[in-house]
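Participant:
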Amino acid sequence: RLAVRCFGSRGLSAADMTKGLVLGIYSKEKEDDVPQFTSAGENLDKLIAGKLRETLNISGPPLKAGKTRTFYGLHQDFPSVVLVGLGKKAARIDEQENWQEGKENIRAAVAAGCRQIQDLELPSVEVDPCGDAQAAEEGAVLGLYEYDDLKQKKMAMSVKLYGTGDQEAWQKGVLFASGQNLTPASEMMPTRFAEIIEKNLKSASKCVWVHIQVHGCKLFFLKALNSTRHLVST
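This is the structure:
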């Protein structure tokens, strides 16, 4: 991770150092091409009279997918701007595996960018939707997720969508990513698993029934047979 300082004539007070920004940039499609910012990146670059592009050009080689580069002092509202590599814009899609490289690149890149902002101990970050607000938010939530009750937790950081993107897709990303963190491996017991799922589903329905065996969830059933904990059947 490379960090570049570029302070203008206006100084940044301690009160300004509260918010970071994660922006995406695509890899070159051809050798002679110029790396392309996302729409959000282009807008910010215009707002600061091309300083983002200028500073990027002198900061080192083009960003590879999943890599980050941090710039300081480019914009008064965002004292720390993290550029993240999204890979090529025309990423491949594997229909048979239901896997989209572009979405995976966005998740990985945004996750890395948010962790970089978290390491700077800023209380909030705004995230470029990178052309897919849902994938961007999934990356942000999963990148910042920690589960370890025995260690000192890092400062909680609020995450917002940068600009006027797709808020519905953004909220969907929150839901999808949060659902992946419901069952930490150290708590994967049949009873505990059912309790966690039941607690989270109650907000969507008044009644929740857990039927591992009846619904043919053989994997969970087989795991439960090897456990010293009681099998959840109702």
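According to my numbering, the stretch in the sequence shown is residues 859 to 1092, in order. Glycine included, C-beta positions come from ideal geometry on N, C-alpha and C. Please read these numbers as outputs of a predicted model, since none were measured by experiment.
In angstroms, rounded to a whole number, what distance separates the CA positions of Gly931 and Ser1036?
Facilitator: If you take the alpha carbons of Gly931 and Ser1036, they lie about 33 Å apart.
Participant: Can you give the Cα-Cα distance for Asp952 and Thr1049, rounded to whole angstroms?
Facilitator: The alpha-carbon atoms of Asp952 and Thr1049 are separated by roughly 37 Å.
Participant: Quick check: what's the CA-CA separation for Gln1038 versus Asp903?
Facilitator: Using only the alpha carbons, I get a separation of about 35 Å.
Participant: May I ask you to report which of helix, strand or coil DSSP gives Lys1093?
Facilitator: The chain is shown from 859 up to 1092; residue 1093 falls before or after that span and cannot be answered.
Participant: At what residue ranges does the segment 889 to 952 contain a whole run of the beta strand (DSSP E), taking only runs of 3 or more?
Facilitator: DSSP runs (the beta strand (DSSP E)) wholly in the segment 889 to 952: 926 to 930 and 938 to 943.
Participant: What is the DSSP secondary structure of Lys1018, reduced to helix, strand or coil?
Facilitator: Here Lys1018 sits in strand by DSSP.
Participant: Sorted by chain position, which residues of the same chain lie with C-beta nearer than 6 Å to Gln958's C-beta, five sequence neighbours on each side aside?
Facilitator: The residues are Ile951.
Participant: Based on Cα-Cα distance, which residue from Ile975, Lys925 and Ile883 lies nearest to Thr876?
Facilitator: Looking at the Cα atoms, Ile975 is the closest of the given residues.
Participant: Do you know whose CA, among Gly924, Tyr1003 and Lys1060, lies nearest Val1032's CA?
Facilitator: Measuring from the Cα of Val1032, the nearest candidate turns out to be Tyr1003.
Participant: Suppose the cutoff is 6 Å on Cβ atoms and the five residues either side in sequence are ignored; what does the same chain contact list for Gly869 look like?
Facilitator: Summary for Gly869: the model assigns pLDDT 49, below 50, so the residue's position carries little reliability, and this model does not support an answer.
Participant: Going by DSSP, what residue range makes up the beta strand (DSSP E) through Ser982?
Facilitator: Unbroken beta strand (DSSP E) run through Ser982: Ser982 to Val985.
Participant: By the three-class DSSP mapping on this structure, what secondary structure does Gln954 have?
Facilitator: DSSP places Gln954 in coil when its eight states are reduced to three.
Participant: Just mark Glu887 as buried or exposed, buried being the case when its beta carbon has 16 or more other beta carbons within 10 Å.
Facilitator: Its Cβ having fewer than 16 others within 10 Å, Glu887 is exposed.
Participant: Looking at the strands, I want to know which residues DSSP matches up with Gly882.
Facilitator: DSSP lists Val942 as partners of Gly882.
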